[in-house]
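Here is the structure we will look at.
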């Protein structure tokens, strides 16, 4: 039963993570991006903290707490503030997913030095296939502004460096309290940024609430519990290969849920990206 569950976790994670792009588009259309990010972090942090307290999970302290905070600021505050702001600047969700989907390559390059993770030749080939799958998934719909692209790069670096940092310094954190801490630390930072860099407002309370609810329950709590569990049990470079699949899965979900056309390149990207994930995760 445990082996079957372990096999289902990566696929479930990809679907949950990809759904954030659909919810994000709705959210940034209904309100300002940093306000949406603040609500996401604050609500998820409080809910997860309550769960951690109810289950008497151990909270990080001292140096361990500092490491959890640093990883959380990078993975949460930097990544999602940048991505959602880029989406509010009319950066297509597929392009944001494309940039984020390149994180396995960044993580593999950094993890070799920081974590001592050896990347075999067939894994580099898998990374290449994964990157090709990402490009195919969005090849026919790439358009961007320079500011939006720069924000996507900032988000990519936040996610990639934060993932490596967490694996190096906070790999053994309790996923309940560690994830709750990361949300609760990131929320006030993003809240202040919202007051400084935008005029917080909500234009459509129904859309904003639906988007925030999905991002809190499915993406913040569900997906990050799965991600942190996988990072605890597997090399960061291997876990990160799942992000190769998100652009294509996002395209499929947009076709099913909001009626966007499913282009042949997206299907090809899903197949090629999947092959890259399998190859990158093959054991020698």
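Residue numbers (my numbering): 17 to 300.
Ideal Cβ placement from N, Cα and C applies to all residues, glycine included.
Since the model is a prediction, treat every value here as computed from it, not as a measurement.
Residue 263 beta carbon less than 8 Å from that of residue 114:
The residue given as residue 114 occupies position 98 in the chain shown. The residue given as residue 263 occupies position 247 in the chain shown. Yes, the Cβ-Cβ distance between residue 114 and residue 263 is below 8 Å.
With distances taken Cα to Cα, identify the nearest neighbour of residue 192 among 236, 271 and 29.
Here residue 192 is taken as the residue at index 176 of the chain shown, counted from 1. The shortest Cα separation from residue 192 among 236, 271 and 29 belongs to 236.
Quick one: give me the first and last residue of the alpha helix (DSSP H) that residue 171 is part of.
Numbered from 1 along the chain shown, position 155 holds the residue referred to as residue 171. Here the alpha helix (DSSP H) through residue 171 covers 162 to 185.
Who pairs with residue 47 in a beta bridge, going by DSSP?
Translated into positions along the chain shown, residue 47 becomes position 31. Residue 47 pairs with 218.
For residue 59 and residue 285, I'd like the C-alpha separation in whole angstroms.
Numbered from its first residue, the chain shown carries residue 59 at position 43. Numbered from its first residue, the chain shown carries residue 285 at position 269. Cα to Cα, residue 59 sits roughly 35 Å from residue 285.
Which residues bound the alpha helix (DSSP H) around residue 97?
On the chain shown, position 81 is the one that residue 97 refers to. Its alpha helix (DSSP H) spans residues 95 to 104.
So, helix, strand or coil for residue 88, using DSSP?
Reading the chain shown from its first residue, position 72 is the one you call residue 88. DSSP places residue 88 in helix when its eight states are reduced to three.
Alpha carbon to alpha carbon, what distance is there between residue 51 and residue 212?
In the chain shown, the residue the question calls residue 212 occupies position 196. In the chain shown, the residue the question calls residue 51 occupies position 35. One C-alpha to the other measures close to 11 Å.
Under 8 Å: do the stretch 67 to 84 and the stretch 181 to 200 share three or more Cβ pairs, one atom per stretch?
yes
Terminal residues of the alpha helix (DSSP H) in which residue 247 lies
Taking the chain shown and counting its residues from 1, the one referred to as residue 247 is at position 231. First-last of the alpha helix (DSSP H) with residue 247: 240 to 249.
Report yes if the C-beta distance between residue 223 and residue 45 is below 8 Å; otherwise report no.
Counting from 1 along the chain shown, the entry for residue 223 is found at position 207. Counting from 1 along the chain shown, the entry for residue 45 is found at position 29. Result yes, Cβ atoms of residue 223 and residue 45 sit closer than 8 Å.
Around the Cβ of residue 244, are there at least 16 other Cβ atoms within 10 angstroms (buried) or fewer (exposed)?
Mapped onto the chain shown, residue 244 falls at position 228. Counting Cβ neighbours within 10 Å, residue 244 comes out buried, since at least 16 surround it.
Taking 8 Å as the cut-off, does the stretch 193 to 209 touch the stretch 90 to 98 (at least 3 CB pairs, one atom from each stretch)?
yes
Less than 7 Å between C-beta atoms, sequence neighbours within five positions excluded: which residues of the same chain meet that for residue 71?
Within the chain shown, residue 71 is the residue found at index 55, counting from 1. These residues qualify, in order along the chain: 192.
Assign residue 231 to one of two classes, buried (16 or more other C-beta atoms within 10 Å of its C-beta) or exposed (fewer than that).
One-based indexing of the chain shown puts residue 231 at position 215. Buried, by the Cβ-count rule.
What residue from 117, 280 and 256 has the CA that sits closest to residue 169's CA?
Position 153 of the chain shown, counted from the start, is the residue given in the question as residue 169. Of the listed residues, the one whose Cα sits closest to residue 169 is 117.
So, residue 96 versus residue 120, is the Cβ gap smaller than 8 Å?
Counting from 1 along the chain shown, the entry for residue 96 is found at position 80. Counting from 1 along the chain shown, the entry for residue 120 is found at position 104. Result no, Cβ atoms of residue 96 and residue 120 do not sit closer than 8 Å.
Please look up how many angstroms separate the CB atoms of residue 295 and residue 145, rounded, as I've assumed it's under 8 Å.
Position 279 of the chain shown, counted from the first residue, corresponds to residue 295. Position 129 of the chain shown, counted from the first residue, corresponds to residue 145. Indeed they touch by this definition, with Cβ atoms about 6 Å apart.
So, with DSSP's three-state summary, where would you put residue 266?
Here residue 266 corresponds to residue number 250 of the chain shown, with the count starting at 1. Of the three classes helix, strand and coil, the one that applies to residue 266 here is helix, per DSSP.
Kindly indicate which three-state DSSP category residue 118 falls into: helix, strand or coil?
Residue mapping note: residue 118 aligns to position 102 of the chain shown, counting from 1. Here residue 118 sits in coil by DSSP.
Assuming the contact rule is C-beta atoms closer than 8 Å, residue 219 and residue 47 should be a hit. Round their C-beta distance to whole Å, please.
The residue you call residue 219 lines up with position 203 of the chain shown. The residue you call residue 47 lines up with position 31 of the chain shown. That belief holds up - the Cβ atoms of residue 219 and residue 47 are roughly 6 Å apart, short of 8 Å.
Taking buried to mean at least 16 other C-beta atoms within 10 Å of its own C-beta, is residue 42 buried or exposed?
For the purposes of this step, residue 42 is identified with residue 26 of the chain shown, where counting begins at 1. With 16 or more Cβ atoms within 10 Å of its Cβ, residue 42 is classed as buried.
For residue 173, tell me which candidate among 56, 188 and 99 has the shortest Cα-Cα distance.
Mapped onto the chain shown, residue 173 falls at position 157. Selected option, being the one with the closest Cα: 99.
Relative to the C-alpha of residue 111, which residue among 78, 242, 171 and 75 is closest?
Sequence index remark: in the chain shown, residue 111 carries index 95 (1-based). It is 171 whose Cα lies nearest to the Cα of residue 111.
From this set, 27, 37 and 28, which residue's C-alpha is nearest residue 3's C-alpha?
Outside the displayed span of the chain (17 to 300) sits residue 3, for which this structure offers no information.
Going along the chain, which residues of its own chain have a beta-carbon closer than 6 Å to the beta-carbon of residue 6, five neighbours each way excluded?
The requested residue 6 does not occur in the structure, where the chain is confined to residues 17 to 300.
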